[in-house]
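Numbering (the numbering used here), first residue to last: 76 to 392.
Working notes for the structure below.
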């Protein structure tokens, strides 16, 4: 990989473009012996490119993508609409086998170019459902930070553009080069967990027609054992009737709903208290740290300890 071209359009996001430049447009550092690339920022209509926060003057046209080994798409405002020439240039690059990369809402251009059809991909967690609806044949994975499927690389939100690029550096140049690149940027070579840990899980979602009082009661007793028999007794129903009514009104099972509420409360306690993980597990009704760790990791892709290190408030008390 020697030549990198970055496609920008009106509305380009400064940070998203910067995340690309940070990895692929660095000069040579003898102490790192890092690869240096023929790096070009290009646009459908050279000249002034209006940005979301700062404007750019771009001299190179999309001809720069014709022989690039890597074509990156910078995210932009108005992400559902792209210049036809940009779509065609990215399509051609992907079809001839060049690596094509986009992160955050830049994934829309890859979709318009047909490069997400039948491929796994990701985008910012806020837009995962929208991306899936826009490109039904894509396999959208909103829980991960990045996906490399064949020669198509997609990343999550803006900062995850760096994670995605580091993954490609690791794939092409090896772990040592990726590690020295990450060290220069002052970030870990690989972040634990995925996007799921950044999605706020609301506590106390009570959406049911006749069972709302029971759900509110359950939230007040979440630290206690709450088998279906007990919840059904509170609702004055048989367990079978309660389970059926619960699914009809909430779209999930009592166990699944209760688990999600316990995880949401655990998130709050891990962020805003100094309780130990064992104490958090008891407070939310999981009983012990091992059970909390199992459910927490399954839901958020990271452990309670890692979550606390990432999100704990400095003034938690």
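Glycine is no exception: its CB is placed at the ideal position from the N, C-alpha and C atoms.
Here the structure is a predicted model, which means the values were calculated and not measured.
- For residue 231, there is no enclosing beta strand (DSSP E), as DSSP marks it with neither H nor E.
- DSSP, read as helix, strand or coil, puts residue 244 in helix.
- Contact check for residue 164 against residue 197 fails: the beta carbons are separated by 8 Å or more.
- If one requires a minimum length of 4 residues, the alpha helix (DSSP H) runs lying completely within the stretch 326-356 are 329-347, in chain order.
- The Cβ atoms of residue 116 and residue 81 sit closer than 8 Å to each other.
- Between residue 175 and residue 190, the C-beta spacing is below 8 Å.
- Distance check between residue 194 and each of 201, 304, 200, 185 places 185 closest, using alpha-carbon atoms only.
- Pairing residue 316 with residue 84, the inter-Cα distance amounts to about 57 Å.
- Taking residue 358 as the centre and dropping the five residues before and after it, the same chain places the C-beta of 298, 344, 350 closer than 7 Å to its C-beta, in chain order.
- Pairing residue 104 with residue 332, the inter-Cα distance amounts to about 53 Å.
- Counting the other Cβ atoms within 10 Å of the Cβ of residue 366 gives fewer than 16, which makes it exposed.
- Inclusion of residue 377 and residue 368 in the CB contact set at 8 Å is not warranted, their separation being larger than that value.
- Going by DSSP, residue 213 is part of no alpha helix (DSSP H) at all; its letter is neither H nor E.
- DSSP places residue 258 within a helical segment (H, G or I) once states are collapsed to three.
- In this structure, DSSP gives residue 238 a helical state, which the three-state scheme calls helix.
- Residue 371 and residue 354 have their C-alpha atoms spaced approximately 15 Å apart.
- Membership of residue 372 in the alpha helix (DSSP H) is indicated by the continuous run 364-375.
- Within its own chain, no residue has a Cβ closer than 7 Å to the Cβ of residue 302 once the five positions on either side in sequence are excluded.
- Relative to residue 261, the option among 98, 88, 123 whose CA is nearest is 98.
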